[in-house]
Structures are given as C-alpha cells and as structure tokens.
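Asker: Taken in sequence, the protein lines are chains Z and H.
Count the first sequence with numbering that gives the first Met the number 0 and you get residues 0 to 421, in order.
Count the second sequence with numbering that gives the first Met the number 0 and you get residues 0 to 421, in order.
Protein chains: 2
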Amino acid sequence: MAFLEFTRLDERSVIEYVKGVAALSSVLKLEDDGDAAEKLTVKEIGDGNLNFVFLVANSAHSLIVKQSLPYIRCIGESWPLTKDRAYFEAMALEEQGRITPNHVPQLYHFDPTMSLIAMRYLPPPHIILRKGLIAGIQYPLLARHIAHFMANTLFFTSLLFHSTLDHKRQVAKFCGNAALCKHTEQVVFSDPYQISQYNHWTSPYLDPDAEALRHDNLLKLEIALLKSKFSEQAQALIHGDLHTSSVMVTPESTQVIDPEFAFYGPMGYDIGAFLGNLMLAFFAQDGLVDQPHDRKAYKEWILETIEDTWNLFYKNFVALWNEHRNGDGEAYLPAVYNNPEVQLLAQKRYMTQLFHDSLGFGAAKMIRRIVGVAHVEDFESITDAVKRASSERKALNLAKMILKDRTNFQGIDQVVSAIRQF
Amino acid sequence: MAFLEFTRLDERSVIEYVKGVAALSSVLKLEDDGDAAEKLTVKEIGDGNLNFVFLVANSAHSLIVKQSLPYIRCIGESWPLTKDRAYFEAMALEEQGRITPNHVPQLYHFDPTMSLIAMRYLPPPHIILRKGLIAGIQYPLLARHIAHFMANTLFFTSLLFHSTLDHKRQVAKFCGNAALCKHTEQVVFSDPYQISQYNHWTSPYLDPDAEALRHDNLLKLEIALLKSKFSEQAQALIHGDLHTSSVMVTPESTQVIDPEFAFYGPMGYDIGAFLGNLMLAFFAQDGLVDQPHDRKAYKEWILETIEDTWNLFYKNFVALWNEHRNGDGEAYLPAVYNNPEVQLLAQKRYMTQLFHDSLGFGAAKMIRRIVGVAHVEDFESITDAVKRASSERKALNLAKMILKDRTNFQGIDQVVSAIRQF
C-alpha cells in the first residue's frame, strides 16, 4: 500500500506500510516466507515527547518505524512543529552511523512524504539509559562508548577534519532544521528565564527558586552568551538532544538514537547534554533510595562515569586530531601549527574552551529540566514531592553555580568535587 | 546580443551586451534616443585584484558592468576562483542597498551565465577612499557614513533583529560563497604565518619580521581563534572585504562597493577591516610626506576618524538595538531582558566582545597586507624602500601587539594612544 500524501499511521496501517516498501519487507523477510507477513505484530512504544514509534516484528525479524507529526506529541496540536524533522533525523543517523556504526542503529528507509524513518530495532535487554539510571544499573562501558561516539561524530564533522568547502555545504544542508533549533532556543535558553505557560516545577516548594531565575541578571547574561553560541556557531554536526533518553544501553552495548535536532552547532551542547543529564540522575538518587548502600555506591558510579566520559572524550578527540593533523582540516594547517609546542598549546586552549562550553550547556540543560516544559523521569518518578523538590533544588543550585563560574573549573575532577558539595 | 554561455567581455563586446539587455538600455536611455547607442564609450577601470570593471557611458547616462573571471585577476589562471562570486555580490548589494540605500550603489542587473553585475556608476569626484587617504584628503563625513553603513547592515542581519528561521535561511544561502571564504582563510589567517609562494614583503628590510611571524606561537594561537570565528560564527551578513579600496568617497558621499566576499560571518571582521586599513593609512603617511605640516594634521584626522568610526558605530548599533528590542530578534527576548539593568549589562558585554573581535580582525588584516599576497597602495606608493619598510614595520608591530593584547583595551581612545606610541 502506497501513501501518496502524509497520513498518520496507526498500529494497523503501519503493517500495510511495511508490506508496501520493498526495503522493509526485505528486512522482515516477508518475501521469503508467505506466513511471515501474517505473523507481524505491531506495538507503539514511543515514550518520547515528540513522535510515534512502532515496533514491527514477527518471530524472527523486527524493525522500528518512527513517524513525526506536525506538532509536539506531549503538548498536542497547540504546539506545532515541522514534520520535516524526520528528514534531518535520517540524514544525521546516516552520517553518525557512517562515522560510528557501532553506536548508532542502522537506518533502513526514509519517506519524506510520510515524515517517516525505519531503522533497526535494538532488542532486549536494550533499555533507555535514563530508565537504567533510575533502576540503579551500572554500565561499565557507557563512558567509553559515549566518549567514542561524541569524539568521532564531533571531530569528523568539524573544521579539524573538514575542508571549508565541505563544511559550509553541510552547514547549509542542516540550516533547514531551523524550526527545531528555534524550539531548543525557546525551551532551553528562554522559557526557564521568563513566565511561560508551559513552564512547571514542583510547586509550591520550588516557587521561589523558579522566580529567582527570572531575576538573576548574571545568570541571564551567561545564558545569552550560550544562546548566541548555540544560534551562531557552526562548529560540528551535533546530535542536538543527547540526553540520557536518547541513549539505549545494555552492559555491552551503547546506541545513540533520535538525532532529529541535529544541525551544525557548538560541540559543547552535546557533551553538556550528556554530562548534565548524568548530574540530574545523580541528584535524583536520594529520592529513589531503595537499598541505601546500593544507591551510595551507585552515586559514586555516576560520578565516575561523569569523570570518565569527559576524560575519555578528551583523550579520543585529541588522538583523532593528532592522527588527522595532516589531512584536509583547515582549522590548524600543519605548516603553521606543526611544531610540538604550538600544537600542544593550541589543543590545550581548544579543549579548555570546549570544556567550559560543555559545562555551560550542561548546566543550562539541567535548569530547563527542573523549571521548564519537559522534565526528566529521574525526578518525576520520585513520588514524595518534598524529597523530589529537595533533589531538584540541589541540582538547580549546582547548575546555577556552574553556569556562572564555569570558566574557573580546570578539570572534570573539580566539577565532581563541586557536585559532592551540593 | 545574447550570450548563452560564459564569454569574457572586452571593451567592444560589452557594448553589444548592454544593448541586448533591456534593463541596461533603459538606464542609458538607448531606446529614447537613436544616437545614444552610437555614442556609447567604454573604459575598463578595474584596479582591484579580482575582476574586470567597465564604465559604459554616453554624454548623459552611464553604468558599470563588472565581470568575474574564473581566476584571480592579479595572479592569473594559476589561482582559480569561482566566478559564482558575482551571484553573491549581487545578493549582497541588493540586501545592503535595501538596508542603507544612501551608501550602496544601485544594482541594475545580474547575469549568472556571464558572472556579471551592472550597477550605478559613481561619478566624479567619487574616488576610491584609499587614493584619497594617500592624497591626504580629509572626508569630514566618512566616519559618520561608514558607522551608519556598518551598524545598519550588521544589526539588521543579526539575531538581534532576525528571527531564527529567517537567519538560518539567509545563512544557508550565503554558505554557497564558501570558495571566497576559503580564499580569505588562506590569505588572511594562514599564509602570513607560513611559507607561501605568494607572500612577499619589502625585502630584505622586513625579512626578519616576516620570519618572526612564523615562529610567534602566541600570535599563531590568537590567529587560530580568529580564524575559528571567521569560519564558524554566522553572526551577521558581513561585507567580507571592507577595506579602504571598497569604499568610494567625495566630501559629501560615502559608497560601499564590491561585497563579493559577503557571507554570514563575525561582525568584527568588517569593522576591523575598516579600522585596520585606516591604521595602515596612518603609518603610510610618514613615507608620503610632501608638506610636513599638512601630513601631521592629516595623521591627526585619521586618528580622529578611527575614534569616531568606532564610537559612532557603537552609538548607532545600540540605538538600533533599543529601537527594535521588542521586534522579531531572538537573541535577547524582551520578557527575559526587559529590565534596564540587565539590558545595559547585556549591551555592554556584547559591544565589548565586538570591540575586541574588531581589534583582532583589524590587526590580522594589517599583518596580511604587509607580508602576504596582496599589499596596499598606501605603502606601495612609498618609493623609498627604507622609508616604506620603516612605516610597514611600525604598522606590523602595532598589529602584533593588538592581536595579542586586544582584550586589554577598554575603549578606542586607548587604541589611538597605542598607535601614537609606534
């Protein structure tokens, strides 16, 4: 069955859709086995804020169909959002999958008319990382995998690797994702600092905290700087929404999904999103206590993961830089920067700037999850409002401090020390 | 006569071209007067580095035809350069002309096949500003006019005025001018700091100075930062080549021409180009002495013009910001930044950053004009090599100091004081 115009799929029509697309029938081996089509099951498994996600499977094979609607799922038609985002998600999945195939699910199909992508289903025991963090599960390879994903996707799409011509061509392509950039600008960099119908928080406990944000001039100055970077700096192809619900994990596997916000922006936005969401998970633990000793050890593991993620990212990123320093990248030409001393100074300065950007963006992401439109399950699953507010306030106060003082941090170990003090 | 494919025009064929294009015949009133076509004269008046420029006129009317060739005119076919630059020049002339019609010549016609634009001829006594500076002519309205041009073209194409959607649409359009951006990256930010076949300088006098640049690690670190901004920061539609040969003047009129390098880049690149070229003119005066007292007064006038240009730019730009603070611009939303205190702080920080960017880019532009591929007539017209080298060295040393210490300058008056000490 072909769809000649955009049609919202449901659990029945998605089967017809899959049967009608050769690339998908082939993944499910529908041609090879007459019964396979009859035995297809469908389950809507989207738990995100924006889209519908169908798992289509028979006993042997499976795939995911994800459809974007012209509005934000969790708000409704009153908050429209371009369904073109499926196009950018497809392009980003392809590009990031090419760069780090081990950490991105394979894209099978993109249908612009239907605003739909189909990709590999990540089978159990894969779960959303955020749920694993709430459950208190340790993922020993998480820091290493995410550091690999970030270092590679960011390095290979930056001017450290790209020629200017390639870079600007790619930047132009992703400029079309402006509606989603605008959405981020509003929900991350604006709404938490103004009165907005969509803002909410653990009331009445955090009422004074939310109000204080709207009167904190120094904080608002820092947010303006970060917003400018987000809006103007085409540094690399960023995922654009790299929180802990955009990562699926098992103890052995780490897969980054949902890059529909992808565009050429500041690298620190991705790194900060991930680190900031780990910090939220850390502060949520006290409200999630089931077996006190386990959670204490678990909090230590989260702190280690924060530290390892940045340190491994740093190591991987600089290794890629050294490896490709004689390539097409036009930021630091070998004939100008080829002596070890200036190379070292240049890398140190670059990485320090990136570290401070990451801290700033990470802090901004923490704040918006406490007083903005979209909250995190880490806190939302704390049923006792007093406990939840207490955890949230600690996270909020840390984030405010980091946002204002980020350039005073010399290394991630100092950040971890600061986290312990809240 | 129609040209179906790119053909390099000469003084004869340009007449046929003009006759064949209704928009141009009409400017020259060829239809109204049978003799007008017969009386057309053509003169090639291009003195730039890149293009051919024809003045086409009869006794009553005139226009300029400018054609881009697929290489750099002053180097030859060995340095290819896309002739698509005519398209970007046409788009920028149109946009800047819409914003500041009093300071941009009217665009009559653009022909993508022929890489050609036609525009209003700026009649005598208009001359290239650089030639006026060499001749020691004062232009009492220059600072005011250029400050107006820069403040308006930069403000109205920035996120202080644009919505995100408009901004990214425009950024994408001008990403196509990547070849010219790449050219700038090479000649401004790379070649002066490496051995390049195109570099030259007043040898042997400046040999040690040129070599010192290639070993100055701190300078190279600063240049890398500026190059990153130039390559990554889509802050506003910049002219991209706003030196004193891109400005035509009379005592009453100031016209900005040649925006073929236009793209969405850092505002400071335009401001710095203009200020840096005034500084070059200042240091050239000692080698151009004819009547000592006049040149002394003239140097003072140049310093005043530097100071007035920045101060008037600052004033105009902030006035535009205040005037449009409740508009579509998404950088500083009124509901977040509407109290006078935070507005003032935000503007001060924004303008300080812009000032330091401008100083850095201005210094980089000075350096490249002394040791890079394209020099300035201000110095080149000093026939005595010793005098020329002496002026150039002062300019170079000032530029190095500014590039390294730019963030220590609090205001343009301090820069003027520094200039006096070299």
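For glycine and all other residues, C-beta sits at the position ideal for the given N, C-alpha and C.
Note down the Cα distance separating Val-415(H) from Leu-140(Z), rounded to an integer number of angstroms.
Answerer: So the alpha carbons of these two residues sit roughly 57 Å apart.
Asker: Do you know how far the Cα of Leu-225(H) is from the Cα of Gly-359(H)?
Answerer: If I take the Cα positions, the gap works out to 7 Å.
Asker: Which word fits Ile-44(Z), buried or exposed, when buried means at least 16 other C-beta atoms lie within 10 angstroms of its C-beta?
Answerer: Flag for Ile-44(Z) reads exposed.
Asker: So which of Thr-152(Z), Met-247(Z) and Phe-282(Z) has the shortest CA-CA distance to Asp-269(Z)?
Answerer: Minimum Cα distance to Asp-269(Z) is reached at Thr-152(Z).
Asker: Indicate the three-state DSSP secondary structure (helix, strand or coil) for Gly-75(Z) in the structure shown.
Answerer: Looking at Gly-75(Z) - three-state DSSP - the assignment turns out to be strand.
Asker: On the three-state DSSP scale, how would you describe Ile-126(H)?
Answerer: Strand.
Asker: Between Ala-117(Z) and the rest of its own chain, which residues show a CB-CB distance below 7 Å, the 5 nearest in sequence each way excluded?
Answerer: Counting only Cβ-Cβ distances below 7 Å, and skipping sequence neighbours, we find Leu-23, Leu-62, Ile-63, Val-64, Tyr-107 and His-108.
Asker: Give me the Cβ distance between Val-41(H) and Glu-10(H), rounded to the nearest whole Å; I'm assuming they're in contact under 8 Å.
Answerer: Correct: roughly 4 Å between the Cβ atoms.
Asker: Give me the Cα-Cα distance between Leu-218(Z) and Leu-344(H), rounded to the nearest whole angstrom.
Answerer: Leu-218(Z) and Leu-344(H): Cα-Cα distance of roughly 12 Å.
Asker: May I ask you to report which of helix, strand or coil DSSP gives Lys-219(Z)?
Answerer: In the structure shown, Lys-219(Z) sits in a helix (DSSP, three-state: H, G or I).
Asker: What's the gap between the Cα of Thr-163(Z) and the Cα of Lys-399(H)?
Answerer: Straight-line Cα distance between these residues: approximately 26 Å.
Asker: CB Gly-326(Z) to CB Val-186(Z), shorter than 8 Å?
Answerer: Not a contact, by the Cβ cut-off of 8 Å.
Asker: Count the other CB atoms, across all protein chains shown, that sit within 10 Å of the CB of Ala-89(H); report buried if there are 16 or more and exposed otherwise.
Answerer: By the neighbour-count rule (16 or more Cβ atoms within 10 Å), Ala-89(H) is buried.
Asker: According to DSSP, simplified to helix, strand and coil, what is Tyr-16(H)?
Answerer: Residue state, collapsed to three classes: helix.
Asker: Using 8 Å as the limit for Cβ to Cβ distance, is Ser-227(H) near chain Z?
Answerer: So yes, Ser-227(H) belongs to the interface.
Asker: For Phe-155(Z), which residues of its own chain have a beta-carbon under 7 Å away from its beta-carbon, when the five flanking residues on both sides are left out?
Answerer: Counting only Cβ-Cβ distances below 7 Å, and skipping sequence neighbours, we find Ile-98.
Asker: On the DSSP bridge assignment, give the partners of Leu-264(Z) in chain order.
Answerer: A small correction: the amino acid at residue 264(Z) is Gly; Leu does not occupy that position in the sequence shown. DSSP lists Ala-235(Z) as partners of Gly-264(Z).
Asker: If we define contact as Cβ-Cβ less than 8 Å, is Glu-184(Z) a contact residue for chain H?
Answerer: Yes, because at least one Cβ of chain H sits closer than 8 Å to the Cβ of Glu-184(Z).
Asker: Going straight from the alpha carbon of Tyr-427(Z) to that of Ala-417(H), what length do you get?
Answerer: Since the first residue shown for chain Z is 0 and the last is 421, residue 427(Z) is missing from the structure and cannot be characterised.
Asker: When we look at the beta-carbon of His-166(Z) and count the other beta-carbons within 10 Å, is it buried (16 or more) or exposed?
Answerer: It counts as buried.
Asker: Cα separation between Ser-227(H) and His-182(H)?
Answerer: Approximately 15 Å, taken between the alpha carbons.
Asker: With 16 other CB atoms within 10 Å as the buried threshold, where does Gly-385(Z) fall?
Answerer: Note that residue 385(Z) is Val in the sequence shown here, rather than Gly. Exposed: under 16 other Cβ atoms inside 10 Å.
Asker: Please report the Cβ distance between Leu-395(H) and Ile-366(H), rounded to the nearest whole angstrom; I am assuming they are in contact, meaning their Cβ atoms lie under 8 Å.
Answerer: Leu-395(H) to Ile-366(H), Cβ: 6 Å. Contact.
Asker: Spatial neighbours of Gln-254(Z) within its chain, please: C-beta separation below 8 Å, excluding the five flanking residues on both sides.
Answerer: The residues are His-102, Val-103, Pro-104, Leu-121, His-125, Val-246, Met-247 and Val-248.
Asker: Take Asn-276(H) as the anchor and find which of Ala-373(H), Lys-347(H), Gln-66(H) and Asp-293(H) has the nearest alpha-carbon.
Answerer: Cα-wise, what sits closest to Asn-276(H) is Ala-373(H).
Asker: Quick one: grab the DSSP three-state call for Gln-342(Z).
Answerer: If DSSP states are grouped into helix, strand and coil, Gln-342(Z) belongs with the helices.
Asker: Could you list which residues in chain Z have their beta carbon closer than 8 Å to that of Ser-357(H), in chain order?
Answerer: By Cβ distance, chain Z contributes nothing, its closest Cβ being about 16 Å from Ser-357(H), past 8 Å.
Asker: Cutting at 6 Å between CB atoms, please list the residues of its own chain near Arg-119(H), excluding the five before and the five after it.
Answerer: Closer than 6 Å at the Cβ level, and outside the excluded window around Arg-119(H), lie Pro-104 and Gln-105.
Asker: Going along chain Z in order, which residues have a C-beta closer than 7 Å to the C-beta of Lys-181(H)?
Answerer: Within 7 Å Cβ-Cβ: Thr-163 and Leu-164.
Asker: Keeping to the same chain, check which residues put their C-beta closer than 7 Å to that of Lys-403(H); ignore five residues upstream and five downstream.
Answerer: Once the five neighbours on either side are set aside, the close Cβ partners of Lys-403(H) are Leu-217, Leu-218 and Glu-221.
Asker: Taking the alpha carbon of Gly-491(H) as the point to measure from, which residue in Gln-66(H), Thr-112(H) and Met-149(H) has its own alpha carbon closest?
Answerer: In the structure displayed, chain H extends from 0 to 421; residue 491(H) sits before or after that span and is not available.
Asker: Taking 8 Å as the CB-CB cut-off, is Glu-43(H) touching chain Z?
Answerer: So, not an interface residue.
Asker: List, in chain order, every chain H residue whose beta-carbon is nearer than 8 Å to that of Leu-220(Z).
Answerer: The contacting residues are Val-341, Leu-344, Ala-345 and Arg-348.
Asker: Mind checking who Ile-116(H) pairs with in its DSSP beta bridge?
Answerer: DSSP output for Ile-116(H) lists Lys-65(H) and Phe-109(H) as bridge partner(s).
Asker: Please confirm if the region 207-217 of chain Z is in contact with the region 330-339 of chain Z, defined as three or more CB-CB distances below 8 Å between the two stretches.
Answerer: No: the two stretches stay apart, fewer than three of their Cβ pairs being nearer than 8 Å.
Asker: How would you call His-292(Z), buried or exposed, if buried means at least 16 neighbouring beta carbons within 10 angstroms?
Answerer: The residue is exposed, with fewer than 16 neighbouring Cβ atoms inside 10 Å.
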